[in-house]
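A.B. asks:
Number of protein chains: 2
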Amino acid sequence: MNQPTEPKADTSGVRRHNLSLVLRTVHEAGETTRAAVAARVGLTRPAVSSLVEQLLELGFLIESGKTFSGQAGRPGTVLKPAGTGPAGLGVEINVDYVTVCVVDLTGADRVRRTERLDNRSAGPGEVLARAARVAAGVLGEADGHGLAPAGAGLALPGLVSGGTVRQAPNLGWHEVDAEDLFAAALTSLRPETAGLAVTSDNEANMAALAELRFGALGDLRTFVHLTGEIGVGGAIVVHGELLRGAHGFAGEAGHLVVDADGPRCRCGSRGCLEQYAGQAALLRAAGSRDVDDLVERAAAADPGALAALTEAGRMLGRALSGVVNLLDPEAVVLGGIYPRLLPWLAPAVSEELSARVVSGLWPPDAGRLRPASTTTDASRGAASLVLHDILTDPLAYARPS
Amino acid sequence: MNQPTEPKADTSGVRRHNLSLVLRTVHEAGETTRAAVAARVGLTRPAVSSLVEQLLELGFLIESGKTFSGQAGRPGTVLKPAGTGPAGLGVEINVDYVTVCVVDLTGADRVRRTERLDNRSAGPGEVLARAARVAAGVLGEADGHGLAPAGAGLALPGLVSGGTVRQAPNLGWHEVDAEDLFAAALTSLRPETAGLAVTSDNEANMAALAELRFGALGDLRTFVHLTGEIGVGGAIVVHGELLRGAHGFAGEAGHLVVDADGPRCRCGSRGCLEQYAGQAALLRAAGSRDVDDLVERAAAADPGALAALTEAGRMLGRALSGVVNLLDPEAVVLGGIYPRLLPWLAPAVSEELSARVVSGLWPPDAGRLRPASTTTDASRGAASLVLHDILTDPLAYARPS
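Line by line, the protein sequences give chains H and W.
Number 54 in the working numbering belongs to position 54 of the first sequence; there are no gaps in the numbering.
Number 647 in the working numbering belongs to position 246 of the second sequence; there are no gaps in the numbering.
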């Protein structure tokens, strides 16, 4: 990497803070000039120039050859976040796949790999080792792009707190030290990752974070985010912040009861939403082998596929009516397998919402039930946590080359 | 009232703020000394003495004859919030009653009156005029205690925003300017209340506020509060703040679907919680004429009463399992008619919660399902909003006698 042997001598609190301020400003702008940064953050041109020089030296920023005239001052060289150097490693472990991605300082998803496999057939240790294998492969490729992980985010399908999966009904996990197991497995494959900080959270929270940071939500800041996987994950975002509840477990929308006497769920209850609108239940009801097949049959107006989608939509709408009555969100965002299925799910979802939400609460408006962006997922949300850490204190991530 | 003709000349922002700080400190302590206040707020003794003198003069504080030695400095005269002067008027309009109370600066509920009557049989204007009549009577009595309303809080059973009831299914109200109608009716009965500030909110939010400010919750700051009335109201408190949602309508727990094909609800949906656990539904199922009768029969182990309560508890538990899965609260607080009925409701509620909440989320613990305090209700919460305003800027409420 393109970095000096030692961090600068001046590492006082104020300068660290200002380095972060400048780096975040360039990150948010995508590309900008020193003059525009100075105008934005309220520091003098010389102060900003000194900070920018250090960030260039440390490899967090790059200059592009072109110049352009921003709104503030004379034309300047264009500054951009570096596409090399410290990056976020994002890992999503779900019931039937593992996805790993590396996000660079621009926020771009640079390397990405998904491995489909049934994680229910193996113990937690083996599943986390699998995830580490995929991650090691992705990091090898990232190496080639000059990207090195500054930390890892781990998205997991269950109740997560303090680095541990307390409960993951669909995987049959109970009290699994996921962060430690993953870190150990990764270090055994890539010893240079020893000591890498790993942060974990529920995959639905991570997916909602990705939507918030990289999606197309515009001004929308209070929403409920449901992800259709084998299970159905849920996350609640209020004024741009995840609602975590008293113990960090809020959002378990997949286990909302839609039919009290319905089929037994792995959580121990009966008639949970995911027994109707989860991927496994939906494919079984439709008699489809996978989501591609289901989409193809629905597009061809196959009655079995359409009936299964309508029923799933009805149950989704029923559960969501409770969520909307309780939380009064601006919108409901559907991710995971749902965006591709929305043309056939949406009518039944909307019908239930209209019938069951207290009327002032859900005025009809096309934008209120919406698909998640195609470029966001839980692994990207997980990587964004690392990105956030780098942007908050870049000096802590400046390493000798 | 015991107040000077003119407020003090020195009404700068800092002094106003410090007057509030001192008054709030005395309010929270109940009784204290100048020295203890100075130690608490970090101002000098002379500064605090000057502020206290002004608050005494304006009638917000009183001195009691006794002295006591606090932890800071020499013994001092005891200071208390006045039991006379500006007070909060709280008004709850519900489906089958109106309750009005006046809360003084100590937080005590000094005058209170409930009138039972069917508010569904009259239009909104008449109901608000009824409430104003009860309020006028209560204010007459408060007068005798030297208490004058500094504002009014209005608790209403529906979706409330901007002073208007958008929708109150159980009253059949739609877009009712409740604040204006109430203020006009009250002014016609007591002309001296002309210009009185009126604030309105959902009754369930007001009840949760009362629980938070005057209840016995201890350190508990993240909870869901359900009030059993004709309807079932809900409020969500996260880290000590009401969760209001995007439009202020969050918490409509009474319309959570517990049986999708159940009886038609006034909200337009079917099988809403309040069709099973609301007061009207519960009394009908039990064949009881009122809650007293139901309690008496349940205590005598009457099978019809017990069966109705078990079924209501089962539906409450079913709805609450969704709420807990979604919000991960520390506790569920049941108010309204529920505290008296809890001995017979609780077993079924707890059974459903154990069976249906994702397991890590609701560890068994007696304190997690709890009755609301007997001294809190929506009218007291409504009055507490006024109290909060007075404590935040006492000078604004200092009036010539």
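From the three backbone atoms N, C-alpha and C, an ideal C-beta is built for every residue, glycine too.
Please read these numbers as outputs of a predicted model, since none were measured by experiment.
Let me confirm a value: A216(H) is counted as buried when at least 16 other C-beta atoms fall within 10 Å, else exposed. Which label applies?
C.D. replies: Locating residue 216(H) in the first sequence gives position 216, counting from the first residue. Exposed is the call here.
A.B. asks: Give me the chain H residues within the contact set of G552(W), using Cβ-Cβ distance strictly less than 7 Å, ordered along the chain.
C.D. replies: The residue you call residue 552(W) lines up with position 151 of the second sequence. Within 7 Å Cβ-Cβ: nothing; G552(W) doesn't reach chain H, min ~26 Å.
A.B. asks: Report the residue from E675(W), G705(W), E464(W), T445(W) whose alpha carbon sits nearest the alpha carbon of P558(W).
C.D. replies: Working through the second sequence from its first residue, we reach residue 558(W) at position 157. Answer by Cα proximity: E675(W).
A.B. asks: Taking the alpha carbon of A605(W) as the reference point, which residue from P592(W), A569(W), P447(W), V633(W) has its own alpha carbon closest?
C.D. replies: Indexing the second sequence from 1 puts residue 605(W) at position 204. Checked all of P592(W), A569(W), P447(W), V633(W); the closest Cα to A605(W) is V633(W).
A.B. asks: DSSP on A523(W), reduced to helix/strand/coil?
C.D. replies: In the second sequence, residue 523(W) corresponds to position 122, counting from 1. Looking at A523(W) - three-state DSSP - the assignment turns out to be coil, as it is neither helix nor strand.
A.B. asks: Taking 7 Å as the limit between beta carbons, can you name the residues of its chain near G538(W), skipping five residues before and five after?
C.D. replies: The residue labelled residue 538(W) in the question sits at position 137 within the second sequence. Excluding sequence neighbours, G538(W) sits near R514.
A.B. asks: Run through DSSP, which three-state label would R567(W) get?
C.D. replies: Mapped onto the second sequence, residue 567(W) falls at position 166. If DSSP states are grouped into helix, strand and coil, R567(W) belongs with the strands.
A.B. asks: Are L560(W) and V358(H) close, meaning C-beta to C-beta below 9 Å?
C.D. replies: Stepping through the second sequence from its first residue, residue 560(W) is reached at position 159. Stepping through the first sequence from its first residue, residue 358(H) is reached at position 358. Yes.
A.B. asks: Residues in the same chain with beta-carbon distance under 7 Å from G73(H), minus the five sequence neighbours each way, listed in chain order, please.
C.D. replies: Against the first sequence, residue 73(H) aligns to sequence position 73. Residue placement at G73(H) is poorly supported in this model, since its pLDDT is 49, which falls under 50; the coordinates still yield a value, given next. These residues qualify, in order along the chain: A35.
A.B. asks: Quick check on H640(W): buried or exposed, where buried means 16 or more other Cβ atoms within 10 Å of its Cβ?
C.D. replies: Here residue 640(W) refers to the residue found at position 239 when the second sequence is read from its first residue. So H640(W) ends up on the exposed side.
A.B. asks: What's the C-alpha gap between A150(H) and P86(H)?
C.D. replies: Translated into positions along the first sequence, residue 150(H) becomes position 150. Translated into positions along the first sequence, residue 86(H) becomes position 86. Cα to Cα, the separation comes out at about 5 Å.
A.B. asks: Tell me, which residues are paired with T500(W) by DSSP?
C.D. replies: Walking along the second sequence from the start, residue 500(W) turns up at place 99. In DSSP, T500(W) forms a bridge with E493(W), T515(W).
A.B. asks: How would you write the range of the beta strand (DSSP E) that F624(W) sits in, first residue to last?
C.D. replies: As a first step, residue 624(W) is located in the second sequence; it is residue number 223 there, counting from the start. Unbroken beta strand (DSSP E) run through F624(W): 624–629.
A.B. asks: For R403(H), name the three-state secondary structure that DSSP assigns.
C.D. replies: No answer is possible for residue 403(H): the residues shown for chain H start at 1 and end at 401.
A.B. asks: Just the Cα atoms here: how many angstroms apart are P191(H) and G163(H)?
C.D. replies: Stepping through the first sequence from its first residue, residue 191(H) is reached at position 191. Stepping through the first sequence from its first residue, residue 163(H) is reached at position 163. C-alpha separation (whole angstroms): 21 Å.
A.B. asks: Using a Cβ-Cβ cut-off of 9 Å, state whether A82(H) counts as contacting chain W.
C.D. replies: By 1-based counting over the first sequence, the position of residue 82(H) is 82. Answer no: the Cβ-Cβ gap between A82(H) and chain W never drops below 9 Å.
A.B. asks: According to a CB-to-CB cut-off of less than 7 Å, which residues of the region 744–769 of chain W neighbour chain B?
C.D. replies: Considering every chain present, this structure includes no chain B. Its protein chains are H and W.
A.B. asks: Can you check whether the C-beta of L806(W) is within less than 9 Å of a C-beta belonging to chain H?
C.D. replies: No information on residue 806(W) is available, as it lies outside the stretch 402 to 802 that chain W covers here.
A.B. asks: How far does the alpha helix (DSSP H) with I390(H) in it reach, from first residue to last?
C.D. replies: As a working note, residue 390(H) is residue 390 in the first sequence. Per DSSP, I390(H) belongs to the alpha helix (DSSP H) from 378–392.
A.B. asks: Beta carbon of E615(W), beta carbon of G360(H): below 9 Å?
C.D. replies: What you label residue 615(W) is simply residue 214 of the second sequence in a count that begins at 1. What you label residue 360(H) is simply residue 360 of the first sequence in a count that begins at 1. Glu is not the amino acid found at residue 615(W); the sequence shown has Phe there. The answer is no: Cβ separation not under 9 Å.
A.B. asks: State the Cα-Cα distance for the pair H225(H) and E731(W), rounded to the nearest angstrom.
C.D. replies: Within the first sequence, numbered from 1, the residue matching residue 225(H) stands at position 225. Within the second sequence, numbered from 1, the residue matching residue 731(W) stands at position 330. Roughly 23 Å between the two C-alpha positions.
A.B. asks: Can you check whether the C-beta of T711(W) is within less than 9 Å of a C-beta belonging to chain H?
C.D. replies: Position 310 of the second sequence, counted from the first residue, corresponds to residue 711(W). So, not an interface residue.
A.B. asks: Pull up the CB-CB distance for L707(W) and W745(W), whole angstroms please, since I reckon it's below 8 Å.
C.D. replies: Along the second sequence, one-based indexing puts residue 707(W) at 306. Along the second sequence, one-based indexing puts residue 745(W) at 344. With a Cβ gap of about 6 Å, L707(W) and W745(W) count as contacting.
A.B. asks: DSSP on R45(H), reduced to helix/strand/coil?
C.D. replies: As a position in the first sequence, residue 45(H) is number 45, starting the count at 1. In this structure, R45(H) counts as helix in the three-state DSSP scheme.
A.B. asks: How many Å lie between S292(H) and A281(H) at the Cα?
C.D. replies: For the purposes of this step, residue 292(H) is identified with residue 292 of the first sequence, where counting begins at 1. For the purposes of this step, residue 281(H) is identified with residue 281 of the first sequence, where counting begins at 1. At residue 292(H) the sequence reads Asp, which differs from the Ser that was named. Rounded to whole angstroms, D292(H) to A281(H) spans 15 Å at the Cα level.
A.B. asks: Answer yes if the region 124–133 of chain H comes into contact with the region 182–202 of chain H, meaning at least three C-beta pairs across the two stretches below 8 Å, and no otherwise.
C.D. replies: Taking 8 Å as the limit for Cβ pairs, the verdict is that the region 124–133 of chain H does touch the region 182–202 of chain H.
A.B. asks: Would you report the Cα separation of R741(W) and A611(W), rounded to the nearest angstrom?
C.D. replies: Here residue 741(W) refers to the residue found at position 340 when the second sequence is read from its first residue. Here residue 611(W) refers to the residue found at position 210 when the second sequence is read from its first residue. Each residue's Cα considered, the two are about 18 Å apart.
A.B. asks: Using a Cβ-Cβ cutoff of less than 6 Å, which residues in the same chain neighbour A376(W) once the five nearest sequence positions on both sides are dropped?
C.D. replies: Since the first residue of chain W shown is 402 and the last is 802, residue 376(W) is not available in this structure.
A.B. asks: Within 10 angstroms of the Cβ of E175(H), are there 16 or more other Cβ atoms? Answer buried if so, exposed if not.
C.D. replies: Walking along the first sequence from the start, residue 175(H) turns up at place 175. That one is exposed.
A.B. asks: Spatial neighbours of E493(W) within its chain, please: C-beta separation below 6 Å, excluding the five flanking residues on both sides.
C.D. replies: On the second sequence, position 92 is the one that residue 493(W) refers to. Cβ within range, chain order: T500, A556, E604, A779, S780.
A.B. asks: Can you list, in chain order, the residues of its chain with a C-beta nearer than 7 Å to that of C668(W)? Leave out the 5 residues immediately preceding and following it.
C.D. replies: Here residue 668(W) is taken as the residue at index 267 of the second sequence, counted from 1. Correct list, in chain order: P570, H656.
A.B. asks: Cβ closer than 9 Å: which chain H residues qualify as neighbours of P570(W)?
C.D. replies: Counting from 1 along the second sequence, the entry for residue 570(W) is found at position 169. The answer, in chain order, is V358, S359.
A.B. asks: Going along chain H, which residues have a C-beta under 8 Å from L657(W)?
C.D. replies: Numbered from its first residue, the second sequence carries residue 657(W) at position 256. Those are G322, N325, L326, listed as they occur along chain H.
A.B. asks: Are there 16 or more other CB atoms within 10 angstroms of the CB of P124(H), so buried, or fewer, so exposed?
C.D. replies: Numbered from 1 along the first sequence, position 124 holds the residue referred to as residue 124(H). So P124(H) ends up on the buried side.
A.B. asks: For the beta strand (DSSP E) that G76(H) lies in, which residues bound it at each end?
C.D. replies: As a first step, residue 76(H) must be located in the first sequence, where it is residue number 76. Its beta strand (DSSP E) spans residues 76–81.
A.B. asks: Please confirm whether L792(W) and L770(W) have their CB atoms less than 9 Å apart.
C.D. replies: In the second sequence, counting from the first residue as 1, residue 792(W) sits at position 391. In the second sequence, counting from the first residue as 1, residue 770(W) sits at position 369. Against a cut-off of 9 Å, the Cβ pair of L770(W) and L792(W) comes out as no contact.
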